Ligand code: ADP
Ligand code: MG
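In the numbering used here, the protein residues as written are 3 to 350.
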């Protein structure tokens, strides 16, 4: 116990958020059906779109935006005063809130299930490779050996609303789980307000329930993983028909850079300290909550195609669709047996 302490050190340097990866596109939503309300906007440096049927026709956009701001004050590393930012700079007065704690419990479980492929203590590595909230230099390969001693989910724990660190240099990055979680939080707000038919999408992470304005399951497009830093190309690889589930996609086609002819992407293997580099291009996960789907989608990108498929098949209630490049560089799709039911025309 004694080795866990709360420390105080200098503040890291913050940077404005860049546009986050939008991995899926919602296809079927605006049909002009008066009973459904559609709200769209920007949040967390990305876009959101919510379609819902509210029994009294009440527009919930303001409430939703207030809830998202509250969420941002907990888990955004780009908000200097958020709980997570204060934890990162070892502010001894910070107490964890319900958003942080729910995120932490799921993050720890996903780390355990994936043998550390998913790990929120990856922040110093993400920063060193020039992807995070730090001021990493993309013009040379960082030395990661010196960073590894303070990376690892077993080096932190949550106790009495405090995050305890074995080393003061430990920092957290919830980017790979928070967007999915925020979609769950939005869905919970809709539920509180009587909605039973809705689809929430924040930065490509989706929660849907009930039926769409046509009275059918919700239809969501999974993007082709085409290298595109502009986030503007949205060619569809597969269409998914789904309801009562969370769905998230991680990919290496929107957040990357080249250094000396080699591609470095924003998914880092916390066990090696380097960006993953294998033939898996994107991972789409369906799970009971979008928070789990988001975290596992990132973990799958780290694990690679074969291990990801094996783990997903062995996990009840979860399915995935993976897009990878074959030996000839052609993109191929593979999915768990259970995923077939979501693919139009491929249900058994
Ligand atoms: P997207 O933004 O495309 O939805 P992810 O959900 O996979 O992508 O989140 C990627 C972000 O998560 C990275 O930019 C980085 O901040 C962080 N990250 C990178 N590698 C890991 C990892 N192994 N475990 C947890 N978080 C990670
Ligand atoms: Mg993720």
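Note that CB positions come from ideal geometry on N, CA and C, so glycine has one too. What you are looking at is a predicted structure, and each value in this text was computed from that prediction instead of being measured.
Grab me the residues of residue i's own chain with a C-beta within less than 6 Å of its C-beta, minus the 5 sequence neighbours each way, in chain order.
i, result
"residue 151", "none"
"residue 323", "286, 337, 341"
"residue 321", "288, 338, 340, 341"
"residue 315", "338"
"residue 30", "Below a pLDDT of 50, predicted positions are generally treated as unreliable, and residue 30, at 43, falls in that range; the measurement from the model is reported next regardless. Excluding positions up to five away in sequence, the list reads 214, 221."
"residue 247", "288"
Excluding the 5 residues preceding and the 5 following residue i in the sequence, name in chain order all residues of the same chain whose CB lies nearer than 8 Å to its CB.
i, result
"residue 195", "56, 60, 62, 65"
"residue 188", "50, 52, 66, 69, 70, 202, 204, 209"
"residue 157", "123, 167, 168, 169, 172"
Among the options, which residue has its Cα nearest to the Cα of residue i?
i, options, result
"residue 49", "202, 318, 328", "202"
"residue 338", "327, 317, 329, 347", "317"
"residue 299", "97, 109, 74, 72", "109"
"residue 282", "54, 254, 330, 184", "254"
"residue 161", "107, 114, 264", "107"
"residue 2", "264, 199, 261", "Residue 2 is absent from the model: the chain starts at 3 and stops at 350."
"residue 155", "125, 77, 104, 142", "125"
With a threshold of 7 Å on Cβ separation, who are the neighbours of residue i within its own chain once the five nearest residues in sequence on each side are excluded?
i, result
"residue 345", "240, 242"
"residue 319", "289, 290"
"residue 15", "Interpretation of residue 15 is limited by its pLDDT of 28, a score under 50 that renders its predicted location unreliable; the figure taken from the coordinates is listed afterwards. If we look at residue 15 and ignore the five residues flanking it on each side, its Cβ neighbours are 136, 137."
"residue 33", "Bear in mind that the predicted position of residue 33 carries a pLDDT of just 41, short of 50, making it too unreliable to give a figure here."
Do residue i and ligand 2 come close, with the Cβ less than 7 Å from some heavy atom?
i, result
"residue 310", "no"
"residue 224", "no"
"residue 247", "no"
"residue 123", "no"
"residue 300", "yes"
"residue 178", "yes"
By DSSP's criteria, residue i is part of a beta bridge. Which residues make up the other side?
i, result
"residue 324", "285, 336"
"residue 184", "Looking at the DSSP assignment, residue 184 forms no beta bridge with any residue, so it has no partner."
"residue 210", "201, 247"
"residue 238", "225"
"residue 220", "244"
"residue 254", "In DSSP, residue 254 forms no bridge with anything."
"residue 43", "50"
"residue 277", "270"
Tell me whether residue i, by its Cβ, gets closer than 7 Å to a heavy atom of ligand 1.
i, result
"residue 307", "no"
"residue 133", "yes"
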